Every structure is written in C-alpha cells, then in structure tokens.
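> In the working numbering, the protein residues as written are 164 to 482.
Glycine included, each C-beta is placed from N, C-alpha and C at the ideal position.
Computed from a predicted structure; not experimentally measured.
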Ligand code: UDP
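What follows is the structure, given as structure tokens:
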C-alpha cells in the first residue's frame, strides 16, 4: 500500500513509518515539525519508498499520486504546561489539528477511497470514574478545563471519523492510545517518563507532582506499533484501546527509574504541580484488542525503560 502518515516525524509517527516500510509499504510522511523533529526520520531520507512533505495538516492537504491508507497521528500530546511541546502552550494548534486536521485527513481518504486510522487517546476518558477503562465508557471530561484543548479535540476527531464511516461509508479505524514511551521521545517532552529518565541521568531528584499515588499504565513503543499495524490490517471500526494493563503509581515509576540508572538523588515532591483534572487512575481494559486483534503487550516496564534510558544517554550527550 501507499500510506500517508501525518505527524510522521513525531515519536509514534516515526516508529510507525519504520514499521510500514519494513512491511514493504510506501510511505508519504507529513509533519509541520512543530513538536516532531527531522532527526526521527532522517535515516529514511533518500529511500525511493519514502517521501517527506513539510506541511501543517490543519491546512488543505494535497498528496501527489495514489493513497491507499491515511494514518492521522499529527498532534501535540504532552500535558505538561512547562514543556514548549506540550498542548497547554499550543492550545489553538492542538484544537485545529484535532478538528481541521482530522477533517482534511479524512478528506484525503475519501477522495482516494483509502482506509483511515485515527490516533485517539485515553484522554477521551478524562479523569475516569470507571476502572479499568473499557471502550464503551463515555468518559468524565471537563470541556473548559486545562486539558480540554486536547481531550475535546480528540473527542471531536473520533466523532468526525465515525461520521465519515457512517455517512460516507469510509473504511475507518480508531485507536485509543494509553501512555506510551520509548526511544525518540524528547528529553524535554515534559511527561513523567521523559522527565524522570532525564533527571535521573543528570543525577537530579525526580520531580513527583502531588503525592505520587496517581497511576498510569505504560506501554512500550514496539508493542503499541504492533497493535496499530494489526488494527490497520483488521476490519474493525469501533474504537480500540491499546496500552499496557500493568498499572503503576508515579511514585513507583520514579523508584524504578532511579534503580535502573543508579541515581542516588532520590525524589522530590511538588504537590502544587499536579494540574486540576489530572487523572488519578488510568488503566486500559484491552479485552477488545485481545479478542479482535489477538494483541497483547509483551515488553515489561523495566526492559522498556532500559531502552529509553539508553536512548536518552545518547540524546543528552552522556556517551
Ligand atoms: N508527573 C510527575 N512528575 C513529572 C511529570 C509528570 O509527577 O515530572 C505526573 C503528572 O502530574 C501526572 C502523571 O505524572 O499525574 C503522568 O503525567 P504525564 O505528563 O506523563 O502524562 P499524562 O498521563 O497525564 O498524559
């Protein structure tokens, strides 16, 4: 297939490009390099099965030649208000890429009668009141809260995707991605895994927001990509959660990172840094992915974090 990937220079998008090329597809990669970076895809430059176009997909998308599938992954995704790459500092762009960008990407898919896959998020569940989160849980989301620019953009994107499926009979898929980590994350991405790995490698105390009792479930990038590829090849139109069901508190995550890096600086608590409506617990119910895709994550947290830490050593110039 000839596959259009938006957000192709991002953390997940670039791993996706690698996998699609490995499977002998051709890739047309779009990115505006706002939160993504060219170094994530520079190893693909010059291949005749890979075309990169610098473009902001919130504007009309033109792709020369045929397109068999559109994978819409463009969006800021970090909730950290201090990170220049987080959606709190890019609120309008985040809303635009989730709404106008999704509309444009769906338009390309429709014009080519191509299949479409939307990268959605566990954020559609907001600060969930059901646990673990199943796909039919409708969420607990504040439409005007600090995370709303991302949550509501993705909820709109899902609605738009289903509208194209129902009214235009487009062959669509929706993946709800839970916390994912791995090489090529930015060291200054601002999310817990990235902050902790960076701080530990620099011998600093790890900054725990709140009391660290809040939980997340961390999925290694290779597992996620496997699930996305299976979904692309499957005939499944309802949303699918992809994530690792092992739930870990932020406090425990910090201890694991300090152990793996032999960081002696410990942890430091910042109660006031926990943003309002920060989810207290998050864990995917992946029953649907197991049943419909035969997918289950295989990489355990310690192994995956070791890969991330190695990558961060290089990014920080420590080796
Ligand atoms: N967090 C933290 N220290 C940091 C960064 C994040 O304790 O340096 C907390 C954050 O407040 C949240 C959790 O870790 O409760 C997960 O946040 P993250 O930014 O990784 O992404 P989210 O899962 O909220 O999208």
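Pull up the distance between the alpha-carbon of residue 384 and that of residue 177, whole angstroms please.
About 11 Å.
> How about residue 341 and residue 447: are their beta carbons less than 7 Å apart?
Cβ distance < 7 Å, so residue 341 and residue 447 count as in contact.
> For the 8 Å Cβ check, are there 3 or more pairs between the region 200-212 and the region 225-233?
Short answer: they don't touch.
> With burial defined as no fewer than 16 other Cβ atoms inside 10 Å of the residue's Cβ, what is the status of residue 464: buried or exposed?
By the 10 Å Cβ count, residue 464 comes out buried.
> Can you determine whether any heavy atom of the ligand UDP sits closer than 6 Å to the C-beta of residue 447, and answer yes or no?
No, the Cβ of residue 447 stays beyond 6 Å of every heavy atom of the ligand UDP.
> Between residue 421 and chain B, is the shortest Cβ-Cβ distance under 7 Å, so that the two count as touching?
Judged by its chain identifiers, the structure shown contains no chain B, having just a single protein chain.
> How would you call residue 190, buried or exposed, if buried means at least 16 neighbouring beta carbons within 10 angstroms?
Burial call: buried.
> Which residue's Cα is closest to the Cα of residue 215: 223, 473, 268, 196?
For the residues 223, 473, 268, 196, the minimum Cα distance to residue 215 belongs to 196.
> Just checking my contact of residue 283 with residue 402 at CB under 8 Å: how many whole Å lie between their CB atoms?
7 Å between Cβ atoms; contact.
> Taking 6 Å as the cut-off, is the C-beta of residue 441 nearer than that to any heavy atom in the ligand UDP?
Flag set: Cβ of residue 441 near the ligand UDP.
> For residue 404, which three-state DSSP category applies?
In the structure shown, residue 404 sits in a strand (DSSP, three-state: E or B).
> Identify every residue that forms a DSSP beta bridge with residue 165.
Residue 165 pairs with 189.
> Report the residue ranges of all alpha helix (DSSP H) runs contained in full by the region 300-357; include only those spanning at least 4 residues, in chain order.
DSSP runs (the alpha helix (DSSP H)) wholly in the region 300-357: 311-331.
> Which word fits residue 459, buried or exposed, when buried means at least 16 other C-beta atoms lie within 10 angstroms of its C-beta?
Classification of residue 459: exposed, given that the 10 Å Cβ count is below 16.
> Using the C-alpha atoms, what's the distance from residue 370 back to residue 392?
Going from the Cα of residue 392 to the Cα of residue 370 covers about 35 Å.
> In the DSSP assignment, what residue or residues form a beta bridge with residue 411?
Beta-bridge pairing links residue 411 to 379.
> Let me know if residue 330 comes out buried or exposed under the rule of 16 or more other beta-carbons within 10 Å of its beta-carbon.
Exposed: under 16 other Cβ atoms inside 10 Å.
> For the candidate residues 380, 363, 265, whose alpha-carbon lies nearest to that of residue 481?
Looking at the Cα atoms, 363 is the closest of the given residues.
> Between 373, 345, 470, 439, which has its C-alpha nearest residue 175's C-alpha?
Among 373, 345, 470, 439, the Cα nearest to that of residue 175 is on 345.
> Give a yes or no on whether the C-beta atoms belonging to residue 338 and residue 254 are separated by under 7 Å.
Against a cut-off of 7 Å, the Cβ pair of residue 254 and residue 338 comes out as no contact.
> Below 6 Å, is the gap between the Cβ of residue 355 and the nearest heavy atom of the ligand UDP?
Within the cutoff, so yes.
> Pick out whichever of 217, 213, 234, 310 has its Cα sitting closest to the Cα of residue 258.
That would be 310, whose Cα lies nearest to the Cα of residue 258.
> On the DSSP letters alone, give me the boundaries of the alpha helix (DSSP H) that residue 259 sits inside.
Taken as a continuous stretch (DSSP letters only), the alpha helix (DSSP H) holding residue 259 covers 254-259.
> Residue 366: which of 421, 323, 222 sits nearest, CA to CA?
Minimum Cα distance to residue 366 is reached at 421.
> What three-state label does DSSP hand residue 228 in the structure shown?
Coil.
> Quick one: grab the DSSP three-state call for residue 265.
Correct three-state label for residue 265: helix.
> On the three-state DSSP scale, how would you describe residue 283?
Correct three-state label for residue 283: strand.
> Along the chain, which unbroken stretches of the alpha helix (DSSP H) at least 4 residues long are found entirely within the region 444-481?
Counting only runs of 4 or more, we get 450-456, 464-478.
> Any idea which residues DSSP pairs residue 431 with across the strands?
Answer is 370, bridged to residue 431.
> Is any heavy atom in the ligand UDP found nearer than 6 Å to the beta carbon of residue 430?
Residue 430: no, Cβ never under 6 Å from the ligand UDP.
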